[in-house]
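I have placed the structure first, in the form of structure tokens, so that the comments after it can refer back to it.
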Amino acid sequence: MSAYTDPPTGDGPPGYAEVETLPTYESTLPDYDPNFQPRLFFFYGTLTNPGLLRPILRLNHTPRLIPARIQGYRIKFWGRYPVAVPRDQSNPDAEGVPPIAGKAFKVTSQRQIMRMQRYASAKYRVGDCQMEVEESGEWKQCDGQMFVWNPDAGEPSDVVHSASDS
Numbered sequence: 041m042s043a044y045t046d047p048p049t050g051d052g053p054p055g056y057a058e059v060e061t062l063p064t065y066e067s068t069l070p071d072y073d074p075n076f077q078p079r080l081f082f083f084y085g086t087l088t089n090p091g092l093l094r095p096i097l098r099l100n101h102t103p104r105l106i107p108a109r110i111q112g113y114r115i116k117f118w119g120r121y122p123v124a125v126p127r128d129q130s131n132p133d134a135e136g137v138p139p140i141a142g143k144a145f146k147v148t149s150q151r152q153i154m155r156m157q158r159y160a161s162a163k164y165r166v167g168d169c170q171m172e173v174e175e176s177g178e179w180k181q182c183d184g185q186m187f188v189w190n191p192d193a194g195e196p197s198d199v200v201h202s203a204s205d206s
């Protein structure tokens with residue numbers, strides 16, 4: 041189990057307050073892309089909260105999130121928000137590090153990815169990943185995508201910082 045397993049409650053990252061303003065942003069999103077392939081997205085932070093994900097994606101139902109986990113990453117923090125950074129595989133300490141627990145969701149359009157990216161901010165970028173999802177009590181490996189730390193945004197911290205730490 042990772043050091044971070046539960047999504048924070050209360051307010052979210054900087055884009056959280058803007059969730060309700062997303063319809064104005066929709067006019068800049070591309071039209072339907074017939075070449076888009078639905079894919080699983082791995083969540084490990086605030087997006088594991090279906091009540092938050094629903095308005096971001098503009099769904100008319102509660103999203104079905106599947107238990108999932110990934111290897112090869114470690115959690116650091118941007119303030120109090122977790123960020124996934126690739127783990128140094130050449131480091132002998134990388135052996136035996138537990139997976140990061142999270143949730144998976146099947147994304148069905150580029151528009152959904154763009155809405156999530158707007159919420160996540162430029163501090164994160166979309167990256168490919170291999171994850172395991174739980175189906176009928178068994179873990180199945182599959183390819184997907186997730187938000188990882190954007191190295192252009194600086195170096196995240198190893199510890200959580202609250203707003204009162206500023």
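The numbering of the sequence shown is our numbering, which starts it at 41 and goes up by one. All residues carry an ideal CB built from backbone N, CA and C; glycine is no exception. For clarity, every value in this text was computed on a predicted model and none was experimentally measured.
Contact check, residue i vs residue j under 8 Å by CB: the rounded distance?
i                 : j            : result
glycine 85        : proline 126  : In fact, because the Cβ distance is near 16 Å, the residues do not count as touching under 8 Å.
glutamine 185     : arginine 120 : Contact flag wrong, Cβ pair sits at about 24 Å.
phenylalanine 145 : leucine 93   : 7 Å
methionine 96     : tyrosine 113 : Looking at the sequence itself, residue 96 is isoleucine, so the reference to methionine does not match. Their Cβ separation, rounded to whole angstroms, is 22 Å, which puts isoleucine 96 and tyrosine 113 out of contact at 8 Å.
isoleucine 110    : cysteine 182 : The pair is not a contact, with the Cβ atoms about 11 Å apart (cut-off 8 Å).
Nearest by alpha-carbon distance to residue i: which of the options is it?
i                : options                        : result
asparagine 190   : Val173, Cys169, Glu178, Arg165 : Arg165
lysine 180       : Phe187, Glu172, Met186         : Glu172
isoleucine 115   : Ile96, Gly142, Pro103          : Gly142
phenylalanine 76 : Glu175, Ser149, Ile106         : Ser149
alanine 160      : Cys169, Arg98, Val188, Leu105  : Val188
isoleucine 106   : Ala124, Pro90, Val137, Phe117  : Pro90
arginine 104     : Glu174, Gln157, Asp73          : Glu174
glycine 157      : Ser176, Pro74, Phe83           : According to the sequence provided, residue 157 is glutamine. The question's glycine does not apply to it. With distances taken between Cα atoms, glutamine 157 lies closest to Phe83.
arginine 98      : Arg151, Ala124, Asp73          : Arg151
For residue i, which residues from the same chain have a beta carbon less than 7 Å from its beta carbon, with the 5 sequence-adjacent residues on both sides left out?
i                : result
isoleucine 153   : Val147, Val166
phenylalanine 81 : Ala144, Phe145, Val147, Gly184, Gln185, Met186
aspartate 73     : Gln150
threonine 102    : Pro90, Arg94
Taking the beta carbon of residue i as the centre, do at least 16 other beta carbons fall within 10 Å, making it buried, or is it exposed?
i            : result
threonine 88 : buried
alanine 108  : buried
arginine 155 : buried
alanine 162  : exposed
Among the residues of its own chain, which have a CB less than 8 Å from the CB of residue i, if the five just before and after it don't count?
i              : result
asparagine 100 : none
glycine 177    : none
Could you tell me which residues DSSP pairs with residue i in its beta bridges?
i             : result
glutamate 174 : Trp179
arginine 165  : Val188
tyrosine 113  : Pro126
arginine 79   : Val147
alanine 141   : Arg109
tyrosine 121  : Trp118
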